[in-house]
Every structure is written in C-alpha cells, then in structure tokens.
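Asks: Numbering (the numbering used here), first residue to last: 2 to 358. Even glycine gets a Cβ: it sits at the ideal position worked out from N, Cα and C.
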Ligand code: COI
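#1: Residues in the same chain with beta-carbon distance under 6 Å from residue 6, minus the five sequence neighbours each way, listed in chain order, please.
#2: What does DSSP give as the partner residues of residue 178 in its beta bridges?
#3: Return the CA-CA distance between residue 67 and residue 145, expressed in angstroms with no decimal places.
#4: Report yes if the C-beta distance between residue 357 and residue 77 is below 8 Å; otherwise report no.
#5: Going by beta-carbon coordinates alone, are residue 81 and residue 345 separated by less than 8 Å?
#6: Express the C-alpha separation of residue 125 and residue 159 in angstroms, rounding to a whole number.
#7: Using 10 angstroms around the beta-carbon of residue 359, count the other beta-carbons present and answer buried if the total reaches 16, otherwise exposed.
#8: Distance check for residue 56 and residue 309, CA to CA, integer angstroms please.
#9: For a minimum of 4 consecutive residues, which ranges assigned as the alpha helix (DSSP H) are wholly contained in the stretch 63-107?
#10: When you compare each of 107, 322 and 167 to residue 142 by their alpha carbons, which one comes out closest?
#11: If I measure Cβ to Cβ from residue 46 and keep anything under 8 Å in the same chain, skipping five residues before and after, which residues do I get?
#12: Expressed to the nearest angstrom, what Euclidean distance is found between the alpha-carbon atoms of residue 133 and residue 162?
#13: Going by Cα to Cα distance, which pick from 60, 301, 251 and 340 is closest to residue 236?
#14: Hey, is residue 136 close to the ligand COI, as in C-beta under 7 Å from one of its heavy atoms?
#15: If contact is defined by three or more beta carbon pairs under 8 Å, each pair taking one atom from either stretch, is the stretch 253-261 in contact with the stretch 186-205?
#16: When you compare only the Cα positions, how much space is there between residue 226 and residue 194?
#17: Tell me residue 18's beta-bridge partners as DSSP assigns them.
#18: If the criterion is Cβ atoms closer than 8 Å, does the pair residue 311 and residue 180 meet it?
#19: Confirm the yes/no value for this check: CB of residue 193, any heavy atom of the ligand COI, distance under 7 Å.
#20: The ligand COI and residue 201: does any heavy atom of the ligand fall closer than 7 Å to the residue's C-beta?
#21: Are residue 304 and residue 74 closer than 8 Å when you measure CB to CB?
#22: Any residues whose CB sits closer than 5 Å to a heavy atom of the ligand COI? List them in chain order?
#23: Which stretch, first to last residue, makes up the alpha helix (DSSP H) that contains residue 37?
#24: For the alpha helix (DSSP H) that residue 320 lies in, which residues bound it at each end?
#25: To the nearest angstrom, how far is it from the Cα of residue 245 to the Cα of residue 213?
#26: If you check the beta carbons only, do residue 296 and residue 242 fall under 8 Å apart?
#27: Can you tell me where the alpha helix (DSSP H) holding residue 334 begins and where it ends?
#28: In angstroms with no decimal places, state the Cα-to-Cα distance between residue 168 and residue 42.
#29: Among 61, 328 and 247, which one has its Cα closest to the Cα of residue 153?
#30: Mapping the DSSP letters down to three states, classify residue 262 as helix, strand or coil.
#31: Give me the DSSP bridge partner(s) of residue 49.
#32: Locate the alpha helix (DSSP H) running through residue 113, then write down its first and last residues.
#33: Taking only the alpha-carbon atoms, compute the straight-line gap between residue 170 and residue 54 and give it to the nearest angstrom.
#34: For residue 44, name the three-state secondary structure that DSSP assigns.
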C-alpha cells in the first residue's frame with residue numbers, strides 16, 4: 002500500500018521545544034501523524050502522513066463506549082554516532098498484533114507499519130531531542146470507529162501513530178520512586194485482558210493510582226486478583242526484586258504485561274551471568290526478605306519509565322525503605338547498559354537497534 006504524504010508547509014510548522022526534560026511526559030506533539038483506516042471490504046487503506054490534528058468521530062463510536070482498542074509505546078533516540086534509531090520496534094508491533102487478536106481488532110502488517118513509522122519520524126526528525134535521558138516517544142494506536150451502541154466488535158477501525166519528545170516519565174526523574182501495594186483494588190484477572198496493551202487496563206488503574214498519590218506514593222504495585230498475594234506489576238512498568246543476589250520477576254501468567262524492557266532486562270542479566278528467575282513471588286516473601294535484609298533492590302522496567310528504582314514500599318500500613326532509598330547496583334548497571342545501547346554508547350550485542358535514517 003502506498004503512503005500518501007502531505008507535509009505541513011514549513012511556515013506552519015511548530016518548533017520543537019528547547020528543553021525537553023522540563024516537559025510533562027506526553028503533552029507536546031510533533032507536526033505530523035500517520036493514519037490509516039480499516040473496513041471489512043478493503044482491509045487497511047488510505048495510509049497517509051499529515052498534520053497532527055484532532056480526529057472526528059461520531060459520539061456513538063464504539064471506542065467511546067466499550068473501549069475496543071490497542072496501543073503501544075516505543076521510543077526513538079538520537080544516538081552518539083549521529084544516527085537516529087529505534088529500540089526493538091518489531092517487538093512492539095508484534096505485541097500490538099497480539100493485543101489486536103485479544104481485542105477483536107484487525108491485525109497490522111508489521112513490516113508496513115514499521116516502515117510507515119520511519120517515514121513519519123523522518124518528517125519530524127528534528128523533534129528527536131538530543132539531551133541526555135530524552136527521546137521521542139511513539140504511540141501507535143488502533144481504535145474502533147463504527148457508530149453503534151450494541152455490544153459487538155466494530156466493523157471499522159482507525160490506526161494512527163503520534164510522536165512526542167519526552168524526558169523522564171516520573172517527576173522524580175531517574176531517582177527512586179515510592180510504591181504503594183494495593184490491597185483494595187486489583188488490575189487483572191485470569192482469563193481477562195491483563196497481558197494485552199489496551200486502554201481499559203489503564204483506565205481501571207486510575208483510582209488506585211490517585212489514592213496512592215494522595216498518600217504520597219508515585220505508583221501502585223498490583224497483587225494477583227485471586228489470592229491477593231502474588232506480585233504482578235506496577236502501574237506503568239514490570240517489577241524486579243534482587244533477593245540473595247538473584248533477580249526475580251513475576252512470571253508471565255496472562256495477567257501481566259509482557260514488557261519489552263522486561264524482556265531486555267532478562268536477556269542482559271542472563272548474558273552477564275547473573276542469577277535470574279521468572280516465578281511467582283508473594284508480597285509476604287518480599288516483606289520477609291526486606292526484613293531479613295536478603296532483598297537489596299527493587300526496580301521497575303518499562304519503555305516510558307526505562308529502569309526505575311524503588312526506594313520505598315508501603316504495605317499494610319508499614320513503610321519499608323529499600324536499599325537505603327538509593328539506586329542499587331543492579332538497577333544502575335541495567336539503566337546504564339540499556340541507555341548506553343539506545344544512545345549508541347555501548348555495543349549493541351543483541352541487535353536491538355534499528356536505524357531510522
Ligand atoms: C510505556 O511504558 O510505554 C507505556 O505504555 C506505559 C504508559 C502508562 C506510559
């Protein structure tokens with residue numbers, strides 16, 4: 002399929018922000034966006050890159066009522082060797098197709114959308130920020146557009162990609178965050194959509210996040226919805242513990258997002274010869290290991306959050322300080338290595354980097 006390109010005339014283009022690290026994450030967008038539509042007769046069609054602009058949908062569009070959608074998050078970087086690059090983008094489009102299957106959305110041609118993304122970024126290439134810790138965040142999204150209030154999968158869809166320059170995700174920057182273990186709410190149930198990257202999972206987490214923020218915490222740590230015992234993930238990232246020098250992360254049991262940064266962390270740790278295990282880990286084990294000091298670090302991993310150390314954990318009325326409230330050596334090493342690969346400062350032994358130009 003051909004991609005029609007309608008570039009914004011130079012005199013009408015917005016200028017990229019000067020200091021990206023001060024922008025609130027995901028609030029300023031570039032000049033262009035990619036869009037295409039799907040219907041059952043022609044499949045995906047009308048692929049185009051045009052001005053970033055509001056989209057018009059009927060108020061009855063299925064997305065507004067039943068949340069039938071899939072989204073992704075990935076990043077483009079300016080790397081030290083003056084190249085513009087993406088990090089494992091094919092993984093994001095592969096996951097998007099898995100979400101699409103779960104949410105009854107039409108699948109994408111993964112090669113085609115990756116090429117479309119590169120063409121889009123090339124038009125807004127000067128929006129990839131160059132300061133340390135910054136990047137261009139990419140949000141591909143599929144939404145159900147059919148105007149119909151009867152509950153059923155939509156028969157028409159819109160796919161779009163938008164771009165925004167970003168610094169750190171959390172207001173703490175890359176410093177340790179404070180996490181609240183939710184006992185009152187859960188995120189995902191077995192058989193549900195926990196492993197899909199779809200809006201409802203995030204909408205449903207807002208109240209718990211709001212209440213934890215009111216108590217002074219950055220994010221919620223979710224426990225499983227059946228026994229309310231086993232650790233699952235944090236609001237916007239997967240979670241890792243270092244216990245007796247072993248890196249432990251909850252295994253993917255269908256209720257946890259299969260994070261691409263999570264997978265990269267596991268591959269790096271294995272490559273370094275560190276002990277790694279993906280298994281069920283209960284909150285009691287976490288608390289006990291904090292108490293007996295066998296737990297030395299907790300950190301999160303996600304595209305937006307990168308590697309985010311946890312300095313404090315709250316559970317059942319108690320605050321536990323983790324690793325003296327400071328970033329531990331494992332989180333530090335992983336952060337440096339991942340950022341090093343993304344910024345071209347460290348050898349890309351896993352071929353995770355995809356050039357844009
Ligand atoms: C990401 O890490 O890219 C995500 O999509 C999480 C989102 C809550 C910012």
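Replies: Taking the geometry as given:
#1: Contacts found: 50.
#2: Beta-bridge pairing links residue 178 to 311.
#3: In this model, residue 67 and residue 145 are separated by some 9 Å (Cα to Cα).
#4: Yes, Cβ-Cβ distance for residue 357 and residue 77 is below 8 Å.
#5: Yes. Within cutoff.
#6: For the pair residue 159 and residue 125, the Cα-to-Cα distance works out to about 22 Å.
#7: Residue numbering for the chain in the displayed model covers 2 to 358; residue 359 lies beyond these limits and cannot be assessed.
#8: The straight-line gap separating the alpha-carbon atoms of residue 309 and residue 56 is approximately 34 Å.
#9: The qualifying runs are 63-67 and 90-103.
#10: That would be 107, whose Cα lies nearest to the Cα of residue 142.
#11: Within the same chain, 2, 37, 38, 39 and 40 come within 8 Å of residue 46 by CB-CB distance, once the 5 residues on both sides are set aside.
#12: If you take the alpha carbons of residue 133 and residue 162, they lie about 24 Å apart.
#13: Nearest option by C-alpha distance: 301.
#14: Within the chosen limit of 7 Å, the ligand COI does not reach the beta carbon of residue 136 with any heavy atom.
#15: With the cut-off at 8 Å, the stretch 186-205 and the stretch 253-261 touch.
#16: Here the alpha carbon of residue 226 sits roughly 13 Å from the alpha carbon of residue 194.
#17: None, per the DSSP bridge assignment.
#18: Yes.
#19: Answer for residue 193: no, Cβ out of range of the ligand COI.
#20: False, no ligand heavy atom lies under 7 Å from that Cβ.
#21: With contacts defined as CB atoms closer than 8 Å, residue 304 and residue 74 qualify as a contacting pair.
#22: The set of residues with CB atoms less than 5 Å from any heavy atom of the ligand COI reads, in chain order, 74, 237, 303, 304 and 305.
#23: That residue, residue 37, is in no alpha helix (DSSP H); its beta strand (DSSP E) goes 33-40.
#24: Here residue 320 belongs to no alpha helix (DSSP H); instead the beta strand (DSSP E) covers 319-322.
#25: Approximately 29 Å, taken between the alpha carbons.
#26: Contact check for residue 296 against residue 242 passes: the beta carbons are separated by less than 8 Å.
#27: From DSSP, the alpha helix (DSSP H) with residue 334 extends over 330-343.
#28: Rounded to whole angstroms, residue 168 to residue 42 spans 42 Å at the Cα level.
#29: Nearest of 61, 328 and 247 to residue 153, Cα basis: 61.
#30: Judged by DSSP in its simplified three-state form, residue 262 adopts helix.
#31: In the DSSP output, where bridge partners are listed per residue, residue 49 has 5 and 36.
#32: Run containing residue 113: 111-124, per the alpha helix (DSSP H) assignment.
#33: Going by the C-alpha atoms only, they are around 24 Å apart.
#34: Note: residue 44 maps to strand in three-state DSSP.
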